[in-house]
Every structure is written in C-alpha cells, then in structure tokens.
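Take a look at the structure set out below.
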Amino acid sequence: GAETIRCKAAVAWKAGEPLSIEEVEVMPPQKGEVRIKLTATGVCHTDAFTLSGEDPEGVFPAILGHEGAGVVESVGEGVTGLTVGDHVIPLYTPECGECKFCLSGKTNLCQKIRATQGKGLMPDGSTRFSINGKPIYHYMGTSTFSEYTVLPEISLAKINPEAPLEEVCLLGCGVTTGMGAVMNTAKVEAGSTVAIFGLGGIGLSAIIGAKMAGAERIIGIDINEDKFALAKKLGATECINPKNYEQPIQEVIVDLTDGGVDYSFECIGNVNTMRSALECCHKGWGESVIIGVAGAGQEISTRPFQLVTGRVWRGTAFGGVKGRSELPDYVERYLAGEFKLDDFITHTMPLDNINEAFDLMHKGKSIRSVIHY
Ligand code: NAD
Ligand code: DAO
Ligand code: ZN
Ligand code: ZN
C-alpha cells in the first residue's frame, strides 16, 4: 500500500496572516479516498475570503486552495472509478450520485460529506495532513495549496488527459462557476440583455458564458476600470463604473436598457451590489443570480414589490454544475476551442511565492494567478 508522503504545502496558521510554506505529512488515502499530486492550482477570491477570517466555516490551521488539477498518485480500498495516473480536477461540490440532493435532479449540492467537509475534515472525521504529529485541517474538501492532497473519490472529476492541467485547473472553480451560472442556472437565451457586476475571474467567465449563449448586450460593471479592456475583449458590449454617476447604478442601467436587463449576475460578494443587480432587472421577467459570497452575518434587502412585479432573485454554487457527470464535458468544450482560458491567467508562480498571488488579488492587479508545482 501507499506510504505517508512528506511534501511542501502552504499552511494558513491563523486568519489574517500570510500563508507559510511548510513541510507537511500527507497520509495514504483511506477507504474510498484518493491521493493526488497537484500540477497546478488557481488562487480564487474565496481563498482570500477564508484567510481574512470573514468565512464562518473557516478553521485553522488549514491548507487552503480549491481550484486545482492533478494526477492520481494512489487510491484507497474500494475505489473503483479512478486509477493511478488518471487526470483529475478536485471538486469542492462533490457528486455521490445517491443522496437526496444528487437524486433530486434539481441541484448540484451533494450533501453526502457536507458535515465533515465544512469542518475541515475527511468523511471519517480525521485529517490526512499533519506537521510533527499536529493535525492540519482540510479546506473545502480540496486543499490544493499542497504538492499532494487526499480527497474522497466522489470529490474528483476524471478528465481528458490531453487537457493542459495548468489551464483547466480554472475549471475547478472560477470559470465553471461563471459560465455555469449563465448557461445552467439562468439559462440565458440568445438576444438577451445581461448585466455582470464585478469583472474578476467569476464575472469575466460569466461574460464568456453570456457570449456563448448569444446575448446581444453584455454590460460589465466594476469600480476598477483596469478590468474593462479584458471584459470587452471577452464579449462585454459596454462597461460602466458606478463611481462616475450620481444616481444609483441600477437606475443608470434601467435607463440604458429601456426598462432593465433580462438577466444580471452579482460576482462581487457585496450586499449593496446584490440589491443593485436585482433592481436593474426588467419588470415582469428580469432574473438576478447571486454568485458572490458575502461576509458572515450580512443580509440582503430590497422592497418585496420588486419580486411581486416579476423580478426573480436566485443564487448558484459552482454554476450549478455536477462535478463528476458534467465537468468533464466543460474540459472537452475547452479542448474543442469553444472558449479560451489563457486570458484569465495573468500571473504564474511557484508555491513558494503564493503570498504574491494574494497581494496581486487585493491590489486588483490579477485575474487569476496560477501556482505551478
Ligand atoms: P475578484 O476579487 O477577482 O473580482 C471581484 C471584482 O469586483 C473586482 O474586479 C472588483 O474591482 C469588483 N468590485 C469590488 N467592489 C465593487 C463594487 N462595489 N462595485 C463594482 N465592482 C466592484 O473575485 P472573483 O474571484 O471573481 O470572485 C468574485 C466573488 O465570487 C467572490 O465573492 C467569491 O467568493 C465568489 N465566488 C462564488 C462562487 C460560487 O460558487 N457561488 C465560486 C467562486 C467564487
Ligand atoms: O452544500 O451547503 C452546501 C455548501 C456548498 C458550498 C458551495 C460553495 C459555493 C460558494 C463558495 C465559493 C466557492 C469558491
Ligand atoms: Zn473559487
Ligand atoms: Zn450526493
């Protein structure tokens, strides 16, 4: 059987502190588990959110990271769907195929291992990471900021080995989330008018999805105008900065669009822009999808008459995509040239420099930094 591996990982010891590069011990995969060697991982805003201490589920010390791709190194007892050498993308939203949620046909939120995953533990209630015998917690069931990580088999999507792992790692979160929100959750139709709030990795992916869906007008909204050029390159037909207007941005958008947009997407995580995103929707049918994750304890508000008069408020996790059954097809579509990923990767770096990725994100200078192992 497999043995414990000693390898490099970025450890979050405490909220609000930079990550620290450490040598960690990674136990062999147990029953139903798989150990993978990461090839690459993106750094997503949600990692920064948890590191900041704003995430109510954040536990420390932990190995963060949830946007990775790698290769199966060893498998535990009873694993039947994966073998050594398979190329995989870790899934923070697993797919067991047998829980009430998986069987509903209505959601991708498999709950099979939800209780333990939310506490930073493997399904048996323990961790596979340690430093000198002290356990280190998992994160989102993935912990991709490590050369090796262990996941349940139900948390891995097996993908086409021809896909470049340094790029398709972005399908482990950001790109799938934005594209899926547009195509799966909202089901944007050709000819629609769409507003995208926040032009980071998620918002730009939503733009790609909107363009693929044939949206006629795609309005990008951000307070950082440096984001506008790439948004336009990817398909935004116009970009606006709320700071340039006296009125609330929802009023500006309603005026620009003869009554409001057909669909809006909040890709920031700010409860005020969530309200703007709902209220810029067209009376009678406009739908707003919340993708951004707001800080612990925050609440959204609007006048209920907004809903009475036909606007719809919804939300989505991982773009509503079921990881094991649907994510491999996103990889195929990428390989077929339906969309590109290189525009998203503004920076690459080794794990040793991962704190730079967080700095670049906080300064608004990156879309995605990708760590190459
Ligand atoms: P990001 O930081 O790269 O992008 C956010 C963008 O919003 C930035 O361009 C920023 O300038 C802009 N912005 C900030 N405040 C604004 C304001 N008041 N008005 C207009 N624009 C503003 O982040 P990201 O990686 O794209 O993630 C975006 C959000 O999506 C985060 O909240 C993240 O946690 C969340 N997320 C959700 C899911 C999901 O499944 N629901 C998955 C991944 C990420
Ligand atoms: O099933 O209750 C649940 C939780 C599912 C977690 C989905 C997380 C989506 C939002 C977090 C941002 C992802 C990086
Ligand atoms: Zn993410
Ligand atoms: Zn399930």
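Here full-length UniProt numbering runs 1 ahead of the position in the sequence shown, where the first position is 1.
All C-beta atoms in this analysis are idealised placements derived from N, C-alpha and C, irrespective of residue type, glycine included.
Keep in mind it's a predicted model, so treat the numbers as computed, not measured.
Candidates Y264, I197, R312 and G285, of which the one nearest G270 by Cα
I197
Helix, strand or coil: which one does DSSP assign to G179?
helix
Please give me, in chain order, every unbroken run of the alpha helix (DSSP H) with length at least 4 that falls completely inside the segment 221-251.
229-235
For E26, which residues does DSSP report across the bridge?
R7 and S131
Among N161, Q118, G201 and T128, which one has its Cα closest to the Cα of G142?
Q118
Are there 16 or more other CB atoms within 10 angstroms of the CB of K323, so buried, or fewer, so exposed?
buried
For a test of the three-state rule: what should DSSP assign to T347, helix, strand or coil?
strand
Which residues share a DSSP beta bridge with L39?
G71
Do you know how far the Cα of H283 is from the Cα of F130?
50 angstroms
Residues that W286 bridges to, as DSSP identifies them
None, per the DSSP bridge assignment.
Among residues of its own chain, excluding the 5 on either side of S277, which ones have a beta-carbon nearer than 6 angstroms to its beta-carbon?
I250 and Q251
Let me make sure I understand the geometry here. Which of T40, L52 and P30 has the alpha-carbon closest to that of Y18?
The amino acid at residue 18 is misidentified as Tyr; the sequence shows Glu. Cα-wise, what sits closest to E18 is L52.
Is any non-hydrogen atom of ligand 6 found closer than 7 angstroms to the C-beta of A318, if you look at the structure I gave you?
Inclusion of ligand 6 in the displayed structure is not the case, the ligand content consisting of ligand 1, ligand 2, ligand 3 and ligand 4 alone.
Report the rounded CA-to-CA distance for G43 versus R312, giving the unit in angstroms.
35 angstroms
Rounding to the nearest angstrom, what Cα-Cα distance links F229 and I219 in this structure?
12 angstroms
Would you identify the three-state DSSP class for K159, choosing helix, strand or coil?
strand
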